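A short worksheet on the structure shown next.
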Amino acid sequence: MSLLVDDLKVYYRTLAGDVRALDGVTFSVADGEIMGLAGESGCGKSTLGNSLIRFDTRMRYVGGHATLDGTELPIWDTLGMNAFRFKKISIVPQYAMSALNPTRKIGDLTADLLTAHGVSPKQELPELRRRLELVGLDPAVLGMFPMELSGGMKQRTVMVLSTLLDPSLLIADEITSALDVSTQKAVGETLVGFRDRGFVKSLMVITHDLSILYQIADTILIMYAGRLAEKASGETIISSPRHPYTRLLISSLPEVGIRYAEKKLTGIPGTPPGLLNPPQGCRFRDRCPLASKKCLEAPPFVEVEDEHFVACWEEAA
Amino acid sequence: MSTSGKLAEPPDLVSELEPPVEPDAKHMSGFRETLHFALRNRKLVFGLSVTLTMLLFAIVGPFLAQHGPLDYGGVLSSAPTTKDGYWFGTTMQGQDVFAQFVTGLRLLFIVGALGGGIAAGIGMVVGFTAGYRGGVVDDILNMITNVVLVIPTFALLLVIAAYLQVRGILTEAVFIGLTSWPWAARALRAQTFSLVSRDFVDMARMSGRSSRQIIFKEIAPNMSSYLFMMFILLFGGAVLIAATLDFIGLGPSGTISLGMMMQLSVQNAALQLGLWWWFVPPGLAIMAVVGSLYVMNVGLDEVFNPKLREL
Amino acid sequence: MPVLKLDRVSKVYKVGAFGGKELLAVRDVSFDVQPGEVISLIGESGSGKSTIGKMILRLSSVTRGTITWDGVDIAGLKRGSLKTYYRTTQGVFQDPFSSYNPIFKADRVFNLIRQSFFPGVPRAEWQSKVAASLEAVSLDPVQVLNKFPHQLSGGQLQRLLIARALLLDIKFLVADEIISMLDASTRIDVLNLLGELKERGLGIVFITHDLSLGNYISDRTIILRRGAIVEMGATEKVFGNPQHPYTKMLLASVPQLHSKWEELDPELKAQITELSASQSDEQHYADAGRLVLPSDGDGSELVEVEKDHLAAQVRTS
Amino acid sequence: MRGYFLRKLGIYAVTFVVAVTVDWAIPHLMPGNPVLTLVGRIQVQDPRVAQNLYHHYMRAFNLDLPLWKQYWYFWVSLFHGDLGTSILQFPTPVTTIILHALPYTLGLLIPATLLSWYAGNKFGALAARRKTLDNTLLPFGYALTATPYMWLAILLSWVFAVVWHVFPVGFAYDPTATREWSWAFVSSLAYHWFLPFLSLFLVAFGGWAIGMRNLIIYELEADYAHYLEALGAPQRLIRKYAFRNALLPQITGLALTLGAVIAGALVTEIVFSYPGLGYQIYRAITNEDYFVIQGIFLFIIIGVLIANFVVDIVYIIVDPRTRIGMQGSGS
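Residue numbers (numbering that gives the first Met the number 0), protein chains in the order written: chain A, 0 to 316; chain B, 0 to 310; chain C, 0 to 316; chain D, 0 to 330.
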């Protein structure tokens, strides 16, 4: 087991009170697994990704554990996490295009970072050059400033830099959302390539785009309103989802070939609940066609089939 | 003059992807939320109370003074005393320091408000126009701004003031305003640029609004906090420039300002004679007003900019 | 019946200090929009699709060529006549939060319309007019009126903007990426709304980077690349029988829900890899701000492939 | 690169022309015949001197020539280094007076500006995001930057010179000392220099410290800082980057605040009777010695333009972005 997350709760502090952005999530990511994490904006997916590596100032650790390769991550401890960051767990952030210090040459920045972690930059250099070439970058970028690179090149540089020390887990946060379809594909394939070559053991790919995940992920985890809804292999999630939210969501996605005139798709009525004072029980209840009295109690996230987890009373029964 | 309290970007009003746009959390409407942070912000409260106290002093003070600011007749070089209402003592010529002080304080607020106001006005016209029109208009305005920015305006004011036969407080304020707008124009130009690219400007155009309406009814209201902070800095700058001009002997004729008090005290060797009550109050008042304005400015920045808020 | 017609429209941007350089953003684009049809402009970033939208809405000037509305060149419209034009042609843009002035309440967009176009209409009549157009976009007045933009969801905001346009007697609507920032579960409903408007006789220019959305809603499709049309025609023909390699490449890169990237036929795959490689190079130059004038190769004349289906000829070099 | 410099130089050239024109125009804009007014206001006993002055002024102003010629001659004499003659110290040329005073002003201004910039930035960086330091140092910073230069000078002079007698009250050196490069003279210079220097230094220091503190706080919120944190980079490294990036706007600030610092230097000299440009200008103003005022104004303009240009060059050396941006657009 690469990553084990157990009942993790992380809230956002606001004036009006705590926003329960991540309200008790339990799941695992296996060695070599590319897990896609999908959900609407505000469902807590980015909070989950961030909480595993770096808390921002408004995030508050409430409870739960995260274990990586058998060692518990001190995620609430900003300094304590430094021992794990970069070496064991790493991130390609959403803002990859602006993630590099604009006034430092990329090679120097990398050297600074490696030295700070007690790794000799000289020793890593050949591998760094090799990996840059692998993602289609001339190693000469090491002598350049970020502004000399295009957005896509910067993103690839960040991908190489983040994974240079072969971390066990890489979190890729919305890295395809701002890209054109043709580049999206290249980035997606690069991620899979990193796993195949062992640059990273496991991957957590966070995105709102299910179709990308279907292309690259082994498993897909669906989140809804701060909780987990369903987890299964990509194939299963797309072709035989069991949570009503997943089902409605997938049936609302247009694909090339489906046309309004022939087959009118429908969305899910209503909006997700606010997480400041979330309703009792299942959080999808208000929008769910199958909702019953039982849903006033929160459904557990249980394995209904082999490697297929669902949080719904209809399915658990 | 000093733009040290760097104006920050106005708060980014587009909410981030995550944490969620939280309808319940935002029920506290924008104004009330701002007020909440404003009252909790110690810098803002401190700065505002000092400024208001001084303002009150400037308004009421002259009515309390027992003597005219330029009248002679008191004991020469008297230390502060309760006798005859010479609360702040007298000058070497026997003038009432308290009367001079409150008169000067009043002039300080007039120069600051007027000089800062004129500079803010020019800065707004130039900044908005350059940012909204772009192109050649922007190039020309930018050139003018850069030239005025580079010219050491204090030296320029010095020459102008030296040639003026009669100098009034209004003329002084106007000239200060005319020379201290460039950085404000620059900052506003950048702000306008970024706001013009927002879609709501196009929406307003498609609703049949004119350019003027768009600038003043759509763009400017978005910068109100920013404009206010800018005015505060310009106010402080104008006060300091005026004090410096007055000290160099170019103050308004027929009255007395805080800078002139300092000039006269130095000229009359008040330092060597130890007449501290003559030269300490005027400088202290300037420092108190300008300093508290700057502190207030930081406080406002923290209130308006969520990134700097401490929870 | 009024027709919106673009005739060899080009847009040149002056860039650099004192307008020293030129960037050709749109090249000789011609098409027309009939009432009661949805026409999709599909392209990646830098394709000029949004510029075309802005030119139709008179928010950006036309450098060469003409845009005519019912035979009248819109470039010549002045204050009064421009207002008349906006009575009939309106737009909705990508970012709902950017479309509202954040310091005012969201329904102020209605008031602006009233001030400019219906100053004499009595309050009661106006309110019923607003109620009617809110109903047309399936919004509950209680939920959306008298609220600030940040208190509403992206979907609600976009619907409000469509309702705003419906207050006027519009014949054409430019919808520029209007659902790309919305959540998956609600975006399809906004898209369906466009379909309903079309059925009411509106002509809609739907601008998108997402082929599946264009395919879903539109009657006719235009594929743009670097400012020029590479392929256009009836939607089912363009998608069913793509001619231009660029169209093929786009279609192959779109992440699908039921077929994977790996399942592509190898010959097409080779062709596409080559094209997307050159694509990303161009992207690089465009991103890095090094302006490259589009090569002449793509400006070639469109040739009719079959009835209602035109494609640019590819030079074999 | 060349285009950038040419544009900058263009702005400086325009600025210079504008400044000279204003300098020339101000006396002309004042009502009445400036020469008569001038001579009338100068209190000279000897009518021959008054006559002499009148002719001198008429020549200098060229009032009998058409306006454009007057303007042209103004430029011609400017390029000959002729800024007129002082009335107060008649017939010393203004240029001579300025050149004598200049070293004292520069000797105060340059060290005070550079040292306050350096120390202020260091302190500001230290204060940023360190609660205790921030809360104690910041009020001092604001108080300093809000202090009128002359008032701090007055206070320092009063406390250190009058009350405690640690430093001299004023002047550039002990009047009894002989002006030579001896140890005694140099130490006397330094002894007299210190208080005016300190006064200038302190006020400017406050502004730089606050500016740096605010800039650093913004830098620490930048994406690159968050990324480095996520990759476990130590705070030391992140703060180092933030400091370097925040220095760049501070370099531009150096050019922008120059006018204010010069004004500060002028009044500080007045308080300490320090014989630099400020002291000369004060004497000129109280005695209505107009040529000296105008001449000093032109000198300040030239100095500021040179300083701006130096800052531009430094900025290009320090910031890779401008360097690369210019290469990109130049090719």
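C-beta atoms are modelled at their ideal positions from N, C-alpha and C, and glycine is treated no differently.
Note that the coordinates shown come from a computational prediction; the quantities given were computed from them, not determined experimentally.
Buried or exposed: residue i, going by 16 or more other Cβ atoms within 10 Å of its Cβ?
i, result
"C/M0", "exposed"
"A/E32", "buried"
"A/S50", "buried"
"C/D188", "buried"
"C/T246", "buried"
"A/P240", "buried"
"C/L301", "buried"
"B/Y71", "exposed"
"B/L292", "buried"
"B/N145", "buried"
"C/S294", "Note that C/S294 has pLDDT 44, beneath the 50 cutoff, so the model's placement of it is unreliable and the number below is only indicative. Looking at its Cβ environment, which holds fewer than 16 other Cβ atoms inside 10 Å, C/S294 is exposed."
"B/D138", "exposed"
So, using beta-carbon positions, are residue i and residue j closer together than 8 Å?
i, j, result
"B/T80", "B/F127", "no"
"C/R107", "C/R63", "no"
"A/L136", "A/M146", "no"
"C/L309", "C/M248", "no"
"A/M34", "A/V91", "no"
"C/I169", "C/L212", "no"
"D/V75", "D/G83", "no"
"A/P160", "A/T109", "It should be noted that the sequence gives Leu, not Pro, for residue 160 of chain A. Yes. Within cutoff."
"D/V161", "B/P151", "no"
"D/A118", "D/F204", "yes"
"C/A162", "C/A123", "no"
"C/V143", "C/A105", "yes"
Taking DSSP as the reference, what is the three-state secondary structure of residue i?
i, result
"A/D137", "coil"
"B/K25", "Confidence at B/K25 is low in this model, with a pLDDT of 40, below 50, so the placement of that residue is unreliable and no value is reported for it."
"C/E300", "coil"
"B/K42", "helix"
"C/V2", "coil"
"A/F198", "coil"
"A/A310", "coil"
"D/M29", "coil"
"B/P220", "helix"
"A/H64", "strand"
"B/E301", "helix"
"C/V120", "coil"
"D/I86", "coil"
"C/L256", "coil"
"A/S40", "coil"
"A/A216", "coil"
"D/Y11", "helix"
So residue i packs on residue j, CB below 8 Å; how close in whole Å?
i, j, result
"B/S179", "B/G236", "6 Å"
"B/I175", "B/A241", "6 Å"
"A/I88", "A/L67", "6 Å"
"B/V149", "D/T14", "5 Å"
"A/N100", "D/Y223", "4 Å"
"A/P243", "A/C311", "7 Å"
"C/G202", "C/G35", "7 Å"
Measuring only from the beta carbon, is residue i closer than 7 Å to any heavy atom that is part of the ligand ATP?
i, result
"D/G294", "Among the components modelled here there is no ligand, and therefore nothing to report on the ligand ATP."
For this session: Determine contact between the stretch 182–199 of chain C and the stretch 243–259 of chain A, defined as no fewer than three beta-carbon pairs at a distance below 8 Å.
Result: yes
For this session: Determine contact between the stretch 0–20 of chain A and the stretch 182–191 of chain A, defined as no fewer than three beta-carbon pairs at a distance below 8 Å.
Result: Touching, no, given that fewer than three Cβ pairs across the two stretches are closer than 8 Å.
Exercise. Any contact of the stretch 136–154 of chain D with the stretch 194–213 of chain D, i.e. 3+ C-beta pairs under 8 Å?
Worked result: The stretch 136–154 of chain D is in contact with the stretch 194–213 of chain D.
Exercise. Do the stretch 39–56 of chain C and the stretch 212–225 of chain C make contact, defined as three or more Cβ pairs closer than 8 Å?
Worked result: yes
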